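Be aware that the sequence shown starts at 1, since it is given in my numbering, and climbs by one per residue. Reading through the structure tokens given below for one structure.
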Amino acid sequence: MRNYHPITKSKEIRKCKFILFLMLTFLGINLSNAQITQPTAWTKAYDQASGTCNTVSFPVAAGTNRILVVYVSHIVTASATQANPTTITYGGANLTLATTNGATSGRMHTWIYYLKDNAVMDNTSRPINVTLAGTHLNVAVWYGVFAGVDQAPATYTTGNGFSNTAGAGPAALSAAMAVNANEQALYYSCVVNTTTTTVPTYTINANWTSSGTSTGTTTYGWKTEPAKRTIPAANTTDNAATGTFTPNTCRWAMSAISLPRAVAVVPTLTITNPTTAVVAASLCAPTTKSPIHAFNIACSGGASTLTNFQFTTTGTHIASDLTNYKIWWNSSNSLATATLLATNAAPGGPGLKTFTPFTLNIPNTTTYYFWITADISATASSARTLTVSSSTSGDMTTSAVKAGGPTAASGTQTLNSIPATPGAITGLASQPPSTTGLIYSIAAVAGATTYTWSVPVGWSITAGNGTSSITVTSGAIGQNGNISVTAGNTCGTSAASTLAVTVAIPDPHGVCAGCHINHTAPGAALTSILGNANLCISCHNPTGSANTLPFANSDKAIPGISGTSHAWDKAAVNATYQTNLPANTGMLARISAGQVICSTCHDQHSQTYTPYLRADNSGDA
């Protein structure tokens, strides 16, 4: 902090500024600053008795953080106050009053106006208009343009010096005015010799630079002068003017302003968590533009450019599961309307990924929204996973300062596809009517989370629907059809696997086949079979099993004669035995199509179906 007169700086403030510099440096903000420059030197636009300046035009060259400063002064014949100019514009844009001493009665007054960086400063010659009401001996207008000036302050530091009393002159033209190091201090003075036409003179300090003078004489002599000084970092003391005025009959007015330099902040891109996070989900193959990661990037300190982005995937996915990765951006939080930036056409397995180079300009003070998506191939395997790790500022490729992060990792994406058609259904194709506990099943299908079964009309599923094995009850005779099953998951349902089934009374021999071998041979052949185990239950009597009673002789088995139980484990005497139907009507009922039926001995299955219980076994000898 410095004073115009004297210029001083407190050690406490200096220390604070030093600490602040260190803190901001550690935060990655570049505080290096260029000095304020003056691309348009002080130029006298007007120097006449009239109070209207409207014939001068000039361009303001291109630049950054510019400010147009305009000085106005006047001299009158008698002490009075002076209202501010009724008009002061450049290119139609109104200038802002910084300071004046016009409210103090005197023979001369000064004003300082300014215009911050404005659209009219486009290197096009534009007019400056100043209107100062009243009658004057002289009105002078000066202008200059400075660049690298901080545009943020609503007002700038100003000061005024004023003396309407003729005398030897002050040691300085202004009272003390505190300013900071590296600021651009400016003053504008108007000195009047109210006794003679001699033009006043005085000496300014060597640290200040005079930018020109304007002198005049009518009844009196006068002099106006703009000057400037860049306040150094070192602590020095100097004055805006030293010595005495010549002649010593002068009166004077002075206005001053100090312009702070703009802080040169390097553009910064900051990565943050997305507005809408990507949560865990199941991705069905094939699919496109499935979001797997999201984040936001905010730009500050000036426009910047993003040219690439990298990310890391983890999980069990393999190269054939994916077709590509893509990165999208939008100025609003909507993937649906986002613009494609770049593609990675070789996604591969888990690891570090990037994209083909791109260029995205991000304006200052703007936040853009980003998404990374995956296209899932039709051959993706179910239950494989993909997760994108958290992102950091280092994942951005940009010339700007990188900040922010890490963001949160995105939710795990599970790859799925429609299950394959189930394999063959295991189970009998022909069932007796109204039979319970029948089992039909398939092998488990990869990726399936549910199974849907259907049975013919009249049949019913009693257990297991939704699994790979069901228990059913058959329908009535003639309720034939298909048992079918499909496999499903969140991605869809497979084609059906089917098994044609029928409901019918079993073939008599077929019923026995469920327990033992069929006896489809005629009686002669049956009698030639050795081994009781290969026959139906033998005929028996109250005294024991027939297989323990050998034939008394080979003729015992002559139909209609033998009444003794016997085992059929002896060969017949000749091939004609047992080829005639039995004379016993009870035995005759046990012959079907010339063949012995298992149930001819008794009802071993307690069934009511023909030929079971066609006759009881009470006459079996």
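Yeah, the Cβ is synthetic: ideal placement off N, Cα and C, and Gly gets one too. This one's a predicted model, so the numbers in the text were calculated from it and none came from an experiment.
Practice problem: Check the C-beta distance from A147 over to R66 and give it rounded, since I have them as a contact under 8 Å. | Solution: Here residue 147 is taken as the residue at index 147 of the sequence shown, counted from 1. Here residue 66 is taken as the residue at index 66 of the sequence shown, counted from 1. So it is a contact: roughly 5 Å between Cβ atoms.
Self-check item: Backbone CA spacing between G91 and Y114 [nearest angstrom]
Solution: Residue mapping note: residue 91 aligns to position 91 of the sequence shown, counting from 1. Residue mapping note: residue 114 aligns to position 114 of the sequence shown, counting from 1. Roughly 13 Å separates the two Cα atoms.
Exercise. Return the Cβ separation of A256 and L186 in integer angstroms, given the expectation that the two are a contact with Cβ distance under 8 Å.
Key: Taking the sequence shown and counting its residues from 1, the one referred to as residue 256 is at position 256. Taking the sequence shown and counting its residues from 1, the one referred to as residue 186 is at position 186. Taking 8 Å as the upper bound for CB-CB distance, A256 and L186 are in contact here, some 6 Å apart.
Quiz prompt | Cβ-based burial, V501 [other Cβ within 10 Å; buried from 16] | solution = For the purposes of this step, residue 501 is identified with residue 501 of the sequence shown, where counting begins at 1. The residue in question, V501, is buried, as its Cβ has 16 or more Cβ neighbours within 10 Å.
Quiz item: Apart from the five residues just before and just after S214, which ones in its own chain have a Cβ nearer than 6 Å to its Cβ?
Solution: The residue given as residue 214 occupies position 214 in the sequence shown. Answer for S214: K44, D47, A140, T224, listed in chain order.
Quiz item: What does DSSP give as the partner residues of I257 in its beta bridges?
Solution: Locating residue 257 in the sequence shown gives position 257, counting from the first residue. Partner(s): T158, L186.
Quiz item: Hey, is Y46 close to the ligand NAD, as in C-beta under 7 Å from one of its heavy atoms?
Solution: Of ligands this structure carries none, so the ligand NAD is not represented either.
Quiz prompt | Enclosing beta strand (DSSP E) for H293 [first to last residue] | solution = For the purposes of this step, residue 293 is identified with residue 293 of the sequence shown, where counting begins at 1. 287-300 is the extent of the beta strand (DSSP E) around H293.
Quiz item: Taking just the CA atoms, how far does L269 sit from T359?
Solution: On the sequence shown, position 359 is the one that residue 359 refers to. On the sequence shown, position 269 is the one that residue 269 refers to. Rounded to whole angstroms, T359 to L269 spans 14 Å at the Cα level.
Self-check item: Check whether K353 and F295 have beta carbons under 8 Å apart
Solution: Indexing the sequence shown from 1 puts residue 353 at position 353. Indexing the sequence shown from 1 puts residue 295 at position 295. Not a contact, by the Cβ cut-off of 8 Å.
Practice problem: Tell whether a beta-carbon distance below 8 Å holds between A446 and P422. | Solution: As a first step, residue 446 must be located in the sequence shown, where it is residue number 446. As a first step, residue 422 must be located in the sequence shown, where it is residue number 422. Contact: no.
Quiz item: Just how far apart, CA to CA, sit D569 and P456?
Solution: On the sequence shown, residue 569 is found 569 positions in, with the first residue counted as 1. On the sequence shown, residue 456 is found 456 positions in, with the first residue counted as 1. Reliability of the predicted coordinates at D569 is poor, the pLDDT of 39 falling under 50, and no value is obtained from them.
Practice problem: Count the other CB atoms, across all protein chains shown, that sit within 10 Å of the CB of S189; report buried if there are 16 or more and exposed otherwise. | Solution: Position 189 of the sequence shown, counted from the start, is the residue given in the question as residue 189. Around the beta carbon of S189, 16 or more other beta carbons lie within 10 angstroms, which makes this residue buried.
Quiz item: For the beta strand (DSSP E) that T392 lies in, which residues bound it at each end?
Solution: Here residue 392 is taken as the residue at index 392 of the sequence shown, counted from 1. The continuous stretches of beta strand (DSSP E) do not include T392, and DSSP gives it neither H nor E.
Self-check item: Nearest to T314 (by Cα), restricted to the options T131, L386, Y440
Solution: As a position in the sequence shown, residue 314 is number 314, starting the count at 1. When only C-alpha atoms are compared, the closest one is L386.
Practice problem: Go through its chain and collect everything with a Cβ distance to K116's Cβ below 7 Å, but skip five positions before and after it. | Solution: Stepping through the sequence shown from its first residue, residue 116 is reached at position 116. Excluding residues within five positions, the ones whose Cβ falls inside 7 Å are I67, Q151.
Quiz item: Rounded to a whole number of angstroms, what is the C-alpha to C-alpha distance between A463 and T473?
Solution: Locating residue 463 in the sequence shown gives position 463, where the first residue counts as 1. Locating residue 473 in the sequence shown gives position 473, where the first residue counts as 1. The straight-line gap separating the alpha-carbon atoms of A463 and T473 is approximately 10 Å.
Quiz item: CB Y325 to CB I372, shorter than 8 Å?
Solution: As a working mapping, residue 325 is identified with position 325 in the sequence shown. As a working mapping, residue 372 is identified with position 372 in the sequence shown. Taking 8 Å as the Cβ cut-off, Y325 and I372 qualify as a contacting pair.
Practice problem: Please name the residue, chosen from I128, N123, G102, that lies closest to C53 on a Cα-to-Cα basis. | Solution: The residue given as residue 53 occupies position 53 in the sequence shown. Per the Cα distances, I128.
Quiz item: With 16 other CB atoms within 10 Å as the buried threshold, where does A319 fall?
Solution: Taking the first residue of the sequence shown as position 1, residue 319 is located at position 319. Exposed, by the Cβ-count rule.
Exercise. Determine the direct distance from the alpha carbon of A61 to that of T96, and round the result to whole angstroms.
Key: Walking along the sequence shown from the start, residue 96 turns up at place 96. Walking along the sequence shown from the start, residue 61 turns up at place 61. The straight-line gap separating the alpha-carbon atoms of T96 and A61 is approximately 20 Å.
Self-check item: Distance CB(T397)-CB(A298) smaller than 8 Å
Solution: In the sequence shown, counting from the first residue as 1, residue 397 sits at position 397. In the sequence shown, counting from the first residue as 1, residue 298 sits at position 298. In this structure, A298 does not lie closer than 8 Å to T397 by Cβ.
Quiz prompt | T486 to A443 span [Cα, whole Å] | solution = Your numbering for residue 486 matches position 486 in the sequence shown. Your numbering for residue 443 matches position 443 in the sequence shown. One Cα belongs to T486, the other to A443, and the distance between them is close to 12 Å.
Quiz item: How about M254 and T157: do their beta carbons lie closer than 8 Å?
Solution: In the sequence shown, residue 254 corresponds to position 254, counting from 1. In the sequence shown, residue 157 corresponds to position 157, counting from 1. In this structure, T157 does not lie closer than 8 Å to M254 by Cβ.
Exercise. Spatial neighbours of N482 within its chain, please: CB distance less than 6 Å, with the 5 preceding and 5 following residues excluded, ordered by chain position.
Key: Residue 482 sits at position 482 when you count from the first residue of the sequence shown. Non-local beta-carbon contacts of N482 in its own chain, meaning distances under 6 Å to residues more than five positions away in sequence, involve T498, A500 in chain order.
Self-check item: Enclosing beta strand (DSSP E) for D375 [first to last residue]
Solution: Stepping through the sequence shown from its first residue, residue 375 is reached at position 375. Residues 366-376.
Self-check item: Pairwise C-alpha distance: V149 and H136
Solution: The residue you call residue 136 lines up with position 136 of the sequence shown. The residue you call residue 149 lines up with position 149 of the sequence shown. Each residue's Cα considered, the two are about 34 Å apart.
Practice problem: Could you please give the first and the last residue of the uninterrupted beta strand (DSSP E) stretch that includes L428? | Solution: The sequence position of residue 428 within the sequence shown is 428, counting from 1. That residue, L428, is in no beta strand (DSSP E); it is neither H nor E in DSSP.
Exercise. Assign I204 to buried or exposed, taking buried as 16 or more other Cβ atoms, counted over all protein chains shown, within 10 Å of its Cβ.
Key: Locating residue 204 in the sequence shown gives position 204, where the first residue counts as 1. Under a 10 Å Cβ-count criterion, I204 is classified as buried, with 16 or more other Cβ atoms of the shown protein chains found around its own Cβ.
Practice problem: Determine the direct distance from the alpha carbon of H74 to that of S57, and round the result to whole angstroms. | Solution: Looking up residue 57 in the sequence shown gives position 57. Looking up residue 74 in the sequence shown gives position 74. One alpha carbon belongs to S57, the other to H74, and they sit about 21 Å apart.
Quiz item: How is the beta strand (DSSP E) around A487 delimited, first residue to last?
Solution: Sequence index remark: in the sequence shown, residue 487 carries index 487 (1-based). 481-489 is the span of the beta strand (DSSP E), which, as asked, contains A487.
Quiz item: At what residues does the beta strand (DSSP E) containing W328 begin and finish?
Solution: By 1-based counting over the sequence shown, the position of residue 328 is 328. W328 -> beta strand (DSSP E) spans 322-330.
Quiz item: How about Y156: is its C-beta nearer than 8 Å to some C-beta of chain B?
Solution: Among the chains of the structure shown, chain B does not appear; only one protein chain is present.
Exercise. Return helix, strand or coil for G594, following the three-state DSSP convention.
Key: Counting from 1 along the sequence shown, the entry for residue 594 is found at position 594. Note that G594 scores 44 on pLDDT, short of 50, meaning its location in the model is unreliable and no value can be drawn from it.
Self-check item: Pick from I461, T86, I112 that is closest to T155, judged by C-alpha positions
Solution: In the sequence shown, counting from the first residue as 1, residue 155 sits at position 155. Taking each of I461, T86, I112 in turn and checking the Cα distance to T155, the smallest one comes out for I112.
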